[in-house]
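Q:
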Amino acid sequence: MTDNLDVLIVGAGPTGLTLACDLVRRGLNIRIIDHAETGFPGSRAKGVQPRTLEVFHDLGVLDDLVEHSTTYPLLGLHIGPLTIPWTMMGRHRATEDVPYPNTLLVPQYDTDACLRRRLDALGGHVEYRTRLTSCTDDGTGVTAVIDGPNGPETVHARFLFGADGGSSRVRQQAGIPFVGETDESDKMIVADVLVDGLGPNRWHIWPRNGGRFMALCPLPDGKFQLMLRLKHSESAELEPGAIERLVQQAAENAGLQIRKIYWSSVFRPNVRLAEHYRSGNIFLAGDAAHVHTPAGAQGLNTGVQDAYNLGWKLGQVIAGAPEALLDSYEAERRPVAARVLGLSSALYQGLTDRPLAAAKRGDEERQLLLNYRGGPLAAEPSDRAVQTGDRAPDAKYRDIDGQSGRLFDRFRGPHFTLVAIGDAAIAGAATTDWPAGGASLHTVRIPTSAARGLQRIYGIEGPAQILVRPDGYIAYIATGDWESALKARAHGLAPRITA
Ligand SMILES: Cc1cc2nc3c(=O)[nH]c(=O)nc-3n(C[C@H](O)[C@H](O)[C@H](O)COP(=O)(O)OP(=O)(O)OC[C@H]3O[C@@H](n4cnc5c(N)ncnc54)[C@H](O)[C@@H]3O)c2cc1C
């Protein structure tokens, strides 16, 4: 029996891999298992949203990801003999506070591979062909039976993280209901194909196609992702000849030729949300906790951000912070998923009802405005532009030593960051007491004379201290009484300070 794990991660999709990267860089003792032979071969989640790009910047994945990406092309709506160009998402210019403003198009096999490469570089690795068969929580930890190439093994871990997808074994073992519905009559063929006769500069869409909907999206490596929603009366056949025939019909004999099919599957829109994200020492995240339609490109992004929200909290509690910190995971993340379920269902319905309106994406999908205001770690409302519980925006700064930089580079890593602006706040930070265990505290000291842009972005005047959580959200903004502000907050976020 292996009995000294901090966390056993079940599932090496984007959710499990994100948590693995975060926990390994925190120095935790983890294993990550997946029952598949190797990484998932399909392109399915191809939209990586701006907020996820910020998470990937922090985890050291972004440069690799950008190399495998493009920005989204214009849509080309094929209506009869006409092809109407249509902008699905406006192009945004990078600004001081939002350095990665545009959704990137990256096939999921590449996003997963980037995360795996990062995990390997950090010293971790995925154990493939290893399945979780059962798990029980005895209140102090979780005993799991896993079955890998060397046969069954019993593992004991302080926490177990279920990132094992929509039909999660972990969720079943924990007895957490998955509330919602599956429409068995609604079917979509999703495939990665090479096509002749189609330009790579448009996301080609054939809307309202006699009850069908078809989209062929060019991927950065020359393939197209086919999404073909069938009529309710049709059965989903995945033989190459059947897919070719359906494509010809949906494209109204526009001369398309499917040259190769790399991967194909049938997708049924499930819309479900786990009743709880935590049962004792077992946690759910990603598709194991919420599933919805692919419209809006939110699933992978929401899973990655679930993991990113929980990673530092697990690290802190293992280091001695109050257990209640872990309850904030469900309180912060479940409402986000509930909202995503509504958003993606409305967009999906629009594909056939209102194709032009449904082919528009706005701020909500980019996930930059997502916040944890009013949650257990951000109870105090204020009338500032940026508040406790909000994403801490990027900003340029010059510190008291004359060093210039970007806040995002100072946030990067597993630590908390205290941004002290102005003489009084800088002096207050000099006497800061922070626990030796768990995530450390880095301080950025900025004189008021060099803080104008930052003050404008954060909506503050005069001296202030901003405590930023390891996941880039604001723990508090103080304008005086520095010591008690930090003490009051650190109490719930970090281990006790021992003399
Ligand atoms: C057609 C389509 C298009 C999509 N487009 C987008 C998009 O543009 N943007 C977006 O954000 N999302 C999109 N999604 C959704 C996205 O693909 C999923 O939300 C995402 O893959 C979820 O990641 P995950 O890591 O939570 O789960 P998964 O990727 O499902 O990974 C779960 C892993 O757990 C493993 N596993 C399962 N059971 C066990 C077990 N008992 N033991 C060990 N391992 C196990 C599996 O092998 C798998 O590798 C799309 C989905 C589809 C189908």
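Our numbering applies: residue 314 is where the sequence shown begins, and numbers increase by one. Backbone N, C-alpha and C define an ideal beta-carbon position, used for all residues, glycine too. Just so you know, these numbers come straight off a predicted model, no measurement behind them.
(1) Among the residues of its own chain, which have a CB less than 6 Å from the CB of residue 792, if the five just before and after it don't count?
(2) Among the residues of its own chain, which have a CB less than 7 Å from the CB of residue 746, if the five just before and after it don't count?
(3) Please state if the CB of residue 371 and the CB of residue 342 are separated by a distance shorter than 8 Å.
(4) Is residue 497 buried or exposed, if buried means 16 or more other CB atoms sit within 10 Å of its CB?
(5) Could you check what DSSP says for residue 353 in three-state terms: helix, strand or coil?
(6) From what residue to what residue does the beta strand (DSSP E) around residue 778 run?
(7) Applying the 10 Å Cβ sphere with the 16-neighbour rule, what's the burial state of residue 515?
(8) Just list the residues that DSSP pairs residue 375 with in beta bridges.
(9) Are the region 565–575 and the region 481–495 touching, with three or more C-beta to C-beta distances below 8 Å?
(10) Tell me the residue span of the alpha helix (DSSP H) that contains residue 710.
(11) Residue range of the beta strand (DSSP E) that residue 460 falls in?
(12) Taking 7 Å as the limit between beta carbons, can you name the residues of its chain near residue 373, skipping five residues before and five after?
(13) Look at residue 781 and residue 721 and say whether their C-beta atoms are less than 8 Å apart.
(14) Could you check where the beta strand (DSSP E) with residue 471 kicks off and where it finishes?
(15) Hey, could you find the ends of the alpha helix (DSSP H) residue 626 is sitting in?
(16) Compare the Cα-Cα distances from residue 495 to each of 469, 604, 574, 798 and report the closest residue.
(17) Rounded to the nearest angstrom, how far is the Cβ of residue 597 from that of residue 587, given a contact under 8 Å?
(18) What's the C-alpha gap between residue 650 and residue 578?
(19) Looking at ligand 1, does it come within less than 7 Å of residue 527, judged from the CB to the closest heavy atom?
(20) Cβ-heavy atom distance between residue 348 and ligand 1 below 7 Å?
(21) Beta carbon of residue 595, beta carbon of residue 448: below 8 Å?
(22) By Cβ distance, which residues of its chain are closer than 7 Å to residue 325, with the 5 residues on each side in sequence left out?
(23) At what residues does the beta strand (DSSP E) containing residue 744 begin and finish?
(24) CB residue 563 to CB residue 541, shorter than 8 Å?
(25) Using beta-carbon positions only, say whether residue 529 and residue 539 come within less than 8 Å of one another.
(26) Does the structure place the region 375–385 close enough to the region 415–435 that three or more beta carbon pairs sit under 8 Å?
(27) So who's on the other strand from residue 578, going by DSSP bridges?
(28) Assign residue 408 to buried or exposed, taking buried as 16 or more other Cβ atoms, counted over all protein chains shown, within 10 Å of its Cβ.
(29) Write down every uninterrupted run of the beta strand (DSSP E) in the region 696–740 whose length is 3 residues or greater and which is fully enclosed by it, in chain order.
A: With the structure as the only source:
(1) 777
(2) So the list reads 810, once near-sequence residues are dropped.
(3) no
(4) exposed
(5) In this structure, DSSP gives residue 353 a state outside helix and strand, which the three-state scheme calls coil.
(6) 777–781
(7) buried
(8) In the DSSP assignment, no residue is bridged to residue 375.
(9) no
(10) Here residue 710 belongs to no alpha helix (DSSP H); instead the beta strand (DSSP E) covers 709–711.
(11) Note, residue 460: beta strand (DSSP E), 455–461.
(12) 431
(13) Contact flag unset, no.
(14) 464–475
(15) 612–631
(16) 604
(17) 5 Å
(18) 25 Å
(19) no
(20) yes
(21) yes
(22) 345, 347, 439
(23) Per DSSP, residue 744 belongs to no beta strand (DSSP E) and is neither H nor E.
(24) yes
(25) yes
(26) yes
(27) The partner list for residue 578 (beta bridge, DSSP) reads 503.
(28) exposed
(29) 709–711, 717–719, 729–734
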